[in-house]
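The block underneath contains the structure these notes are about, expressed in structure tokens.
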Amino acid sequence: MYRVVIFGNSGSGKSTLARNLGQDFDIPVLDLDTIAWESNQIAVRRSHEDAAKDLQEFIKKNTAWVIEGCYSRLIEIAIEFASEIYFLNPGIDKCLENNRNRPWESHKFKSAEEQAQTFEFLQNWIQQYENREDEFSYSSHRALFDRFNGKKQEIKVY
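Residue numbers for the sequence shown follow our numbering, so the first one is 3 and each next one is one higher.
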């Protein structure tokens, strides 16, 4: 069974790789943003317990899947069921460039204008990746990658 977890900084290419793998293998893709935030309220975070429950239901419902996101606490749950993981780590400059070129994510934002309102915040967020000490940080993602004993790949260019 193909069960892949993809994680990394915002703008690292997670969604693109997940979408491509999902299409190539005809398997469902779960963007963790869709369970981590209240629907239609991207600024309101759901409880970890509720998001974790939705994640576990997705895993149980599907024999093969791709899960992508930057939420280490949720990734820890998914990794237990993963056949392989990808840590996307192309560097801050590439993530900033990807964010500048990000298409409208209609599953997250009501309009391209609404998404554009988050641009400056996200650019700053991306720049802080290596210095933060939270579940979205480089250090948290590195620890997940280093602890995983299965098939894994760190991708520095995507």
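Beta carbons are placed, not taken as given, at the ideal position from N, Cα and C, and that holds for glycine.
On a predicted model such as this, the values are computed, not experimentally measured, just so you know.
Limits of the alpha helix (DSSP H) - the one that residue i falls within
| i | result |
| --- | --- |
| K63 | 50 to 63 |
| L146 | 140 to 149 |
| G24 | 16 to 27 |
| K96 | 94 to 102 |
| E115 | 114 to 118 |
Limits of the unbroken beta strand (DSSP E) element including residue i
| i | result |
| --- | --- |
| G10 | 5 to 10 |
| E78 | First-last for E78: 74 to 81, but that is the alpha helix (DSSP H), not the beta strand (DSSP E). |
| W127 | Counting along the chain, W127 falls outside any beta strand (DSSP E), though it belongs to the alpha helix (DSSP H) covering 121 to 129. |
| E156 | 153 to 157 |
Separation of residue j from residue i, as counted between CA atoms
| i | j | result |
| --- | --- | --- |
| S72 | S14 | Residue identity differs from the one stated: residue 72 is Cys in this sequence, not Ser. Whole-angstrom Cα-Cα distance: 10 Å. |
| W127 | E86 | 27 Å |
| W106 | L124 | 14 Å |
| M3 | T65 | 7 Å |
| Q129 | R5 | 30 Å |
| D35 | S142 | 17 Å |
| R144 | E116 | 32 Å |
| E122 | V46 | 18 Å |
| N101 | A114 | 13 Å |
| N133 | Y140 | 8 Å |
| A53 | E70 | 14 Å |
| L23 | S17 | 10 Å |
| R48 | K62 | 21 Å |
| E59 | R149 | 24 Å |
| F9 | R21 | 13 Å |
| G152 | Q119 | 39 Å |
| Q25 | E156 | 21 Å |
Nearest-angstrom beta carbon gap, residue j and residue i [assumed within contact, 8 Å]
| i | j | result |
| --- | --- | --- |
| F83 | F147 | Contact flag wrong, Cβ pair sits at about 17 Å. |
| V7 | I77 | 6 Å |
| N91 | K158 | 6 Å |
| I37 | L57 | 6 Å |
Residue nearest to residue i in terms of C-alpha spacing, selected from the options
| i | options | result |
| --- | --- | --- |
| I29 | H50, S17, V68 | V68 |
| K110 | W39, E51, K55 | W39 |
| A80 | E132, N11, D26, L32 | L32 |
| E135 | S74, E70, Q25, G152 | S74 |
| E12 | K112, K62, N103 | Note that residue 12 corresponds to Ser in the displayed sequence, not to Glu. The residue with the shortest Cα to Cα distance from S12 is N103. |
| H50 | E137, K62, F150 | E137 |
| L98 | Y131, K112, Q119 | Y131 |
Bridge-paired residues (DSSP) for residue i
| i | result |
| --- | --- |
| L32 | I69 |
| I87 | V7, K154 |
| R47 | W39 |
Residue-level contact to chain C via CB, residue i, 8 Å cutoff
| i | result |
| --- | --- |
| A118 | Among the protein chains of the structure shown there is no chain C, as only one such chain exists. |
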